[in-house]
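Enquirer: With the working numbering as the guide, the letters of the sequence shown map in order to residues 12 to 138.
Beta carbons are placed, not taken as given, at the ideal position from N, Cα and C, and that holds for glycine.
Model, not experiment: these values are computed from the prediction.
Dumping the structure here so I can ask a few things about it.
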Amino acid sequence: AAEMQYDMFMGLFPEVNRAWLSIDSVLFLWDYTDPSGSFYQYDGLEQTIVNASLVPCRDGVFAADAKPKFLLLLSTPVEVVILAVYATGPPGHEISTLDLHETGFSVPSDGVNLIRVIGSRARRIFL
12 AAEMQYDMFM GLFPEVNRAW LSIDSVLFLW DYTDPSGSFY QYDGLEQTIV NASLVPCRDG
72 VFAADAKPKF LLLLSTPVEV VILAVYATGP PGHEISTLDL HETGFSVPSD GVNLIRVIGS
132 RARRIFL
């Protein structure tokens, strides 16, 4: 009998009150402070997502009026894809809603599964 196999990875983004789960090439983000269990789904990649990292956005990369709050780095065996994360919400709940936007930025990973991506205080990204 043929067996189905899925690749699953998960983690937390406490800075935005979200848990993340990837199942193959689909990323889910859950707001773990929301009793209704609201979630966001991103399915814009073809490769398996092996890691997701959230880093603050550096000044000067995006126009000042379009600067995202964070960058979401999705690692696959082929590349690391960079998504812009915009956070909105009422005062006191500024991260209640997250919107992800494709930036067109990516870096080849040459077949290496980058399972740890770090953003420094100087807002530099290390793979």
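Would you mind sorting S49 into buried or exposed? The rule is 16 or more other CB atoms within 10 Å of its CB.
Expert: Numbered from its first residue, the sequence shown carries residue 49 at position 38. Classification of S49: exposed, given that the 10 Å Cβ count is below 16.
Enquirer: For V27, which of helix, strand or coil comes out of DSSP?
Expert: Position 16 of the sequence shown holds residue 27. Helix.
Enquirer: Bridge partners for D42 per DSSP, in chain order?
Expert: The residue labelled residue 42 in the question sits at position 31 within the sequence shown. According to DSSP, which records beta bridges pairwise, D42 is partnered with R29.
Enquirer: Rounded C-beta distance between Q58 and T99? I'm assuming under 8 Å.
Expert: For this step, residue 58 is matched to residue 47 along the sequence shown. For this step, residue 99 is matched to residue 88 along the sequence shown. That pair is no contact at about 29 Å.
Enquirer: In terms of DSSP beta bridges, what is E14 paired with?
Expert: Counting from 1 along the sequence shown, the entry for residue 14 is found at position 3. DSSP lists no bridge partner for E14.
Enquirer: Can you check whether the CB of G130 is closer than 8 Å to the CB of P67?
Expert: One-based indexing of the sequence shown puts residue 67 at position 56. One-based indexing of the sequence shown puts residue 130 at position 119. A contact, by the Cβ cut-off of 8 Å.
Enquirer: Could you check the C-alpha separation between S117 and E90 for me, to the nearest Å?
Expert: Indexing the sequence shown from 1 puts residue 117 at position 106. Indexing the sequence shown from 1 puts residue 90 at position 79. Spanning the two alpha carbons is a distance of roughly 7 Å.
Enquirer: Straight-line CA distance for F81 to A95?
Expert: Looking up residue 81 in the sequence shown gives position 70. Looking up residue 95 in the sequence shown gives position 84. Going from the Cα of F81 to the Cα of A95 covers about 6 Å.
Enquirer: Among all the DSSP beta bridges, which residues are the ones paired with G130?
Expert: Position 119 of the sequence shown holds residue 130. Bridge partners of G130: I136.
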